[in-house]
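Undergrad: Chain order of the listed sequences is A and B. Each residue of the first sequence is one higher than the one before, starting from 1 at the first, in the UniProt record's numbering. Each residue of the second sequence is one higher than the one before, starting from 1 at the first, in the UniProt record's numbering.
Protein chains: 2
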Amino acid sequence: MKYYEDIEIGDTMEFGEYHVTEAEIVDFAESYDPQPFHIDKEAATESAFGELVASGWHTASMCMRLLADGPIDDRASMGARGVDELRWKRPVKPGDTLSIRTEVIDKRVSESDPKRGYVDSRLEGLNQHGEVVISWIGLGMIERRNSDENAE
Amino acid sequence: MKYYEDIEIGDTMEFGEYHVTEAEIVDFAESYDPQPFHIDKEAATESAFGELVASGWHTASMCMRLLADGPIDDRASMGARGVDELRWKRPVKPGDTLSIRTEVIDKRVSESDPKRGYVDSRLEGLNQHGEVVISWIGLGMIERRNSDENAE
Numbered sequence: 001m002k003y004y005e006d007i008e009i010g011d012t013m014e015f016g017e018y019h020v021t022e023a024e025i026v027d028f029a030e031s032y033d034p035q036p037f038h039i040d041k042e043a044a045t046e047s048a049f050g051e052l053v054a055s056g057w058h059t060a061s062m063c064m065r066l067l068a069d070g071p072i073d074d075r076a077s078m079g080a081r082g083v084d085e086l087r088w089k090r091p092v093k094p095g096d097t098l099s100i101r102t103e104v105i106d107k108r109v110s111e112s113d114p115k116r117g118y119v120d121s122r123l124e125g126l127n128q129h130g131e132v133v134i135s136w137i138g139l140g141m142i143e144r145r146n147s148d149e150n151a152e
Numbered sequence: 001m002k003y004y005e006d007i008e009i010g011d012t013m014e015f016g017e018y019h020v021t022e023a024e025i026v027d028f029a030e031s032y033d034p035q036p037f038h039i040d041k042e043a044a045t046e047s048a049f050g051e052l053v054a055s056g057w058h059t060a061s062m063c064m065r066l067l068a069d070g071p072i073d074d075r076a077s078m079g080a081r082g083v084d085e086l087r088w089k090r091p092v093k094p095g096d097t098l099s100i101r102t103e104v105i106d107k108r109v110s111e112s113d114p115k116r117g118y119v120d121s122r123l124e125g126l127n128q129h130g131e132v133v134i135s136w137i138g139l140g141m142i143e144r145r146n147s148d149e150n151a152e
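1) Taking C-beta pairs closer than 9 Å, name the residues in chain B that Pro34 of chain A reaches, listed in chain order.
2) On the three-state DSSP scale, how would you describe His19 of chain A?
3) Unbroken alpha helix (DSSP H) runs of length 4 or more, entirely within the UniProt domain "MaoC-like" (9-111) of chain B: which are they?
4) Could you confirm whether any beta carbon from chain B is found closer than 8 Å to the beta carbon of Gly79 of chain A?
5) Using only the alpha-carbon positions, how far apart do Ile105 of chain A and Gly117 of chain A sit?
6) Are the beta-carbon atoms belonging to Glu85 of chain B and Asp84 of chain A less than 8 Å from one another?
7) Have a look at Thr45 of chain A and Pro94 of chain A and give me their C-alpha separation to the nearest angstrom.
8) Which of helix, strand or coil does DSSP assign to Tyr3 of chain B?
9) So, helix, strand or coil for Arg116 of chain A, using DSSP?
10) Residues of chain A with CB under 8 Å from Ser121 of chain B, in chain order?
11) Over the uninterrupted beta strand (DSSP E) stretch that includes Gly140 of chain B, give me the two end residues.
12) At a cut of 8 Å, does the segment 27-34 of chain A reach the segment 57-75 of chain B through at least three beta carbon pairs?
13) For Glu51 of chain B, which residues from the same chain have a beta carbon less than 7 Å from its beta carbon, with the 5 sequence-adjacent residues on both sides left out?
14) Given a threshold of 16 other Cβ atoms within 10 Å of its Cβ, counted over all protein chains shown, does His129 of chain B qualify as buried or as exposed?
15) Taking DSSP as the reference, what is the three-state secondary structure of Ala151 of chain A?
16) Just to confirm before moving on: does the CB-CB distance between Ile142 of chain A and Ile7 of chain A stay below 8 Å?
17) Using a cut-off of 8 Å between C-beta atoms, extract the partners of Asp84 of chain B located in chain A.
18) In chain order, what residues of the same chain lie with their CB nearer than 7 Å to the CB of Glu17 of chain B, ignoring the 5 residues before and after it?
19) Closer than 8 Å, CB to CB, is Ala60 of chain B near chain A or not?
20) Leaving out five residues before and five after Glu14 of chain A in sequence, what residues of the same chain have Cβ atoms less than 6 Å from its Cβ?
21) Under 8 Å, do Leu126 of chain B and Val133 of chain B count as touching if we go by C-beta distance?
22) Just the chain A side, please: which residues come within less than 8 Å of Ser31 of chain B by C-beta, in chain order?
23) I'd like to know whether the C-beta atoms of Arg90 of chain B and Glu124 of chain B end up nearer to each other than 8 Å.
24) Between Met1 of chain A and the rest of its own chain, which residues show a CB-CB distance below 8 Å, the 5 nearest in sequence each way excluded?
25) Going along chain B in order, which residues have a C-beta closer than 7 Å to the C-beta of Gly95 of chain A?
26) Around the C-beta of Arg108 of chain B, are 16 or more other C-beta atoms found within 10 angstroms, so that it is buried, or is it exposed?
27) So, for Ser135 of chain B: in the same chain, excluding its five sequence neighbours on each side, which residues have a beta-carbon less than 8 Å away from its beta-carbon?
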């Protein structure tokens, strides 16, 4: 298990492979983002995108799946505080394959709870051409090693 | 159709009703965020949450659905640039009913493209107790009225 102390600013990782299908784009969007360019291949040709593209929230969710399955799964995570600077940079289309790249950009101990460390990481989602399609800064919380002692 | 000129800073709306079920929480999380406290009712009792809770990305997606079905559907939207300050404030649980509240907090014409207006809105997702469970600032793009003339 990796604790707050095991994580350094500048640590990077790149991993994952998520195959995006037309069926999944439509399925997600019918539930959560039923705009024509996400659910209707024909209507999408007349949209600003010119073709069917994934909902931005779907792209974020696919990157979350890569994160959850990835090597940071062994961190003593205490959940996420939130996300800053979420940006949709390029459309995600049927047939794309996504991967993610993460970099730790800040860490500090919580002032209110010394058992808790704050770790902020930049995430970039890439397509098979190496183009960034989405990015955000994840605001994570990670347990400190021997946090019971630290709390005393 | 509402254009950039029809939207004022300070405009607020409150709408929607989204019923959150255990089956949907588990279904979303099995696809996109398979952490024990999102997919396993038993395991969740031993987590920091103490019970099954929705993935934060699921909560965002449910609010997106309310947005897409809501009265802002008649805006001449040109898509979203991104989201700032996404925060998960309280857990969302089976049986909750979500609604959303939006407020326009900034607007300005694009410097690079005079056909395009930028409109930033704060969104809050509320549960049936009126508690804010999620919030973010949506960075929207909206067409200007008679944008063909404006571009000349």
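The beta carbon of each residue, even a glycine, is placed where N, CA and C say it ideally should be.
TA: Let's see:
1) Arg65, Ala68 and Asp69
2) Looking at His19 of chain A - three-state DSSP - the assignment turns out to be strand.
3) Counting whole runs of 4 or more residues, the UniProt domain "MaoC-like" (9-111) of chain B contains the alpha helix (DSSP H) stretches 22-32, 36-39, 41-45 and 56-69.
4) Cβ-Cβ to chain B under 8 Å: yes for Gly79 of chain A.
5) Straight across, the Cα-Cα distance linking Ile105 of chain A with Gly117 of chain A is about 14 Å.
6) yes
7) 14 Å
8) coil
9) strand
10) Under a criterion of Cβ atoms nearer than 8 Å, no residue of chain A is adjacent to Ser121 of chain B; the nearest Cβ is some 14 Å distant.
11) Val132 to Glu143
12) yes
13) Excluding five sequence positions before and after Glu51 of chain B, the CB atoms of its chain that fall closer than 7 Å to its own CB belong to Ala44, Thr45 and Lys93, given in chain order.
14) exposed
15) Any reading at Ala151 of chain A must be qualified, since the residue scores a pLDDT of 48, below 50, and its modelled position is unreliable; no value is offered.
16) Between Ile142 of chain A and Ile7 of chain A, the C-beta spacing is below 8 Å.
17) Asp84, Glu85 and Leu86
18) Thr97 and Ser99
19) yes
20) Counting only Cβ-Cβ distances below 6 Å, and skipping sequence neighbours, we find Arg101.
21) yes
22) Ser61 and Arg65
23) no
24) Around Met1 of chain A: Asp74, Arg75 and Ala76.
25) None at all; the shortest Cβ gap to chain B is about 19 Å.
26) exposed
27) Glu85, Leu86, Arg87, Lys89, Arg122, Leu123, Glu124 and Gly125
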